[in-house]
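Heads up: the structure comes next, in C-alpha cells.
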Amino acid sequence: MASVLSYESLVHAVAGAVGSMTAMTVFFPLDTARLRLQVDEKRKSKTTHMVLLEIIKEEGLLAPYRGWFPVISSLCCSNFVYFYTFNSLKAVWVKGQHSTTAKDLVVGFVAGVVNVLLTTPLWVVNTRLKLQGAKFRNEDIVPTNYNGIIDAFHQIIRDEGILALWNGTFPSLLLVFNPAIQFMFYEGLKRQLLKKRMKLSSVDVFIIGAIAKAIATTVTYPLQTVQSILRFGHHRLNPENRTLGSLRNILYLLHQRVRKISRNIQLPGQKLQIWRNL
Numbered sequence: 001m002a003s004v005l006s007y008e009s010l011v012h013a014v015a016g017a018v019g020s021m022t023a024m025t026v027f028f029p030l031d032t033a034r035l036r037l038q039v040d041e042k043r044k045s046k047t048t049h050m051v052l053l054e055i056i057k058e059e060g061l062l063a064p065y066r067g068w069f070p071v072i073s074s075l076c077c078s079n080f081v082y083f084y085t086f087n088s089l090k091a092v093w094v095k096g097q098h099s100t101t102a103k104d105l106v107v108g109f110v111a112g113v114v115n116v117l118l119t120t121p122l123w124v125v126n127t128r129l130k131l132q133g134a135k136f137r138n139e140d141i142v143p144t145n146y147n148g149i150i151d152a153f154h155q156i157i158r159d160e161g162i163l164a165l166w167n168g169t170f171p172s173l174l175l176v177f178n179p180a181i182q183f184m185f186y187e188g189l190k191r192q193l194l195k196k197r198m199k200l201s202s203v204d205v206f207i208i209g210a211i212a213k214a215i216a217t218t219v220t221y222p223l224q225t226v227q228s229i230l231r232f233g234h235h236r237l238n239p240e241n242r243t244l245g246s247l248r249n250i251l252y253l254l255h256q257r258v259r260k261i262s263r264n265i266q267l268p269g270q271k272l273q274i275w276r277n278l
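If you count the sequence shown from 1, position 120 lands on 120 in UniProt numbering, and the numbers rise without skipping.
Written as C-alpha cells, this is what we have:
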C-alpha cells in the first residue's frame, strides 16, 4: 500500500498531467478540426487548414478553442489517473526487480483500462461541450444546449440515463491496444536498422518512433472516429437503435468509417487520400 500511495507515484502523475495539458493547449485547434471531421462526415472540406478557416469564418476567431477548459480538465484527470495507476502497479509488481518490456506493456494495459472506466464520463461531457454551437453540415446531428460541465452532466443523466456517460467505452477499451501496436512496429523497425548499423542515433530513434506512432494511429483511426461519434451521442438514430453504446451501433459505425476510408484509397500509382481524413 505504501508503494501505491508513494510520493514518486504522485510526482509521475502530476508530471504526466501537466505535460499533456501543455501539449493539448498548443495543438488544441488541430484537435478541434479532427473532431469536426470525425463527427460531421458531410463536411466538404477535408484538409485541416480548410476546416479551421471555415470554423473561424463561420463561428469566430476563438471558435477553434471552444471547449478548452473541459477538455483540459478531463485530460489532466485522465493522465493523472493513468500515470498514477501505472507507476503504482509497477511499484507493487516489480518490487525492486528489473522491469521488462512485457511487464511494462501489461501494466500499461491495465492502467489504460482503469483510466477508461474512470474518466469516460468526463470525455463524453467535454466532447459535447466542445461541439456545442458548431455549424454542422450533417442534418442528422441534433444540437445541444448545455450551460457548463455540471449542467451537461445533469442533462445527460436526466435525458439519456446515467449509462450514457459511458458512451464510447467499448472502442475506448480497444484503443488501449494502441501503444502495444506502436511498440510492435517500433521494435520491428529498430531491429531492421540495427542489422545495418551498430548503434542508433537520437534522430533514428525519433524517426522510427514517429513512423510507429503514425502506423498505430492509422490502424486504429476508425475506432477513434466511432469513439468520438458515440461520445457526442447526438446523431438521430432509428428507434430500435437508441442505445448508442450497443454493439450493433458500434459495428455499424465502424463498418461505415472503414468503407469511407477505403473509398479514399485510389488505385496503385495514384495518391492515397486517406491522410486527408487523419
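Beta carbons: idealized from backbone N, C-alpha and C, even for Gly.
Exercise. Touching or not, the segment 201-221 and the segment 21-28, by the rule of three or more beta carbon pairs under 8 Å?
Worked result: no
Problem set entry | Proximity below 8 Å, CB of Q227 to CB of P171 | yes
For this session: Would you mind stating whether V71 and K135 have Cβ atoms separated by less than 8 Å?
Result: no
Exercise. In whole angstroms, what separates the C-alpha of L244 from that of V39?
Worked result: Residue placement at L244 cannot be trusted, given a pLDDT of 46 that sits under 50; the coordinates are not used to answer.
For this session: Would you mind listing the beta strand (DSSP E) stretches within the UniProt repeat "Solcar" (99-192) that are 3+ residues and don't spill past its ends, in chain order?
Result: none
For this session: Let me know if I162 comes out buried or exposed under the rule of 16 or more other beta-carbons within 10 Å of its beta-carbon.
Result: exposed
For this session: Count the other C-beta atoms from every protein chain shown that fall within 10 angstroms of the C-beta of R231, then say buried if there are 16 or more, exposed otherwise.
Result: buried
Exercise. Comparing alpha-carbon positions, which option in V81, Q182, T127 lies nearest L35?
Worked result: T127
For this session: Within the same chain, show all residues whose beta-carbon is closer than 7 Å to that of M21, passing over the 5 residues directly before and after it, in chain order.
Result: I72, L75, C76
Exercise. Is DSSP giving R34 helix, strand or coil here?
Worked result: helix
Exercise. Should L37 be labelled buried (16 or more other beta-carbon atoms within 10 Å of its own) or exposed?
Worked result: buried
Exercise. Within the chosen definition, does the segment 100-119 reach the segment 137-156 through at least 3 CB pairs nearer than 8 Å?
Worked result: no
For this session: Please go through the same chain and pick out, in chain order, the residues whose beta-carbon is closer than 6 Å to the beta-carbon of V116, but skip the five residues on each side of it.
Result: S172, L173
For this session: Below 7 Å CB to CB, which residues in the same chain sit around Q132 once its five sequence neighbours on both sides are set aside?
Result: T144, Y146
For this session: Verify whether the separation of the beta carbon atoms of I149 and V125 is less than 8 Å.
Result: yes
For this session: Output the boundary residues of the alpha helix (DSSP H) element that contains A214.
Result: 202-232
For this session: Give the DSSP-derived three-state secondary structure of L61 in the structure shown.
Result: coil
Exercise. If we count the other Cβ atoms within 10 Å of its Cβ and call it buried at 16 or more, is L61 buried or exposed?
Worked result: exposed
Problem set entry | Sub-8 Å separation of A212 and F185 beta-carbons | yes
Exercise. Is L30 near T48, with beta carbons less than 8 Å apart?
Worked result: yes
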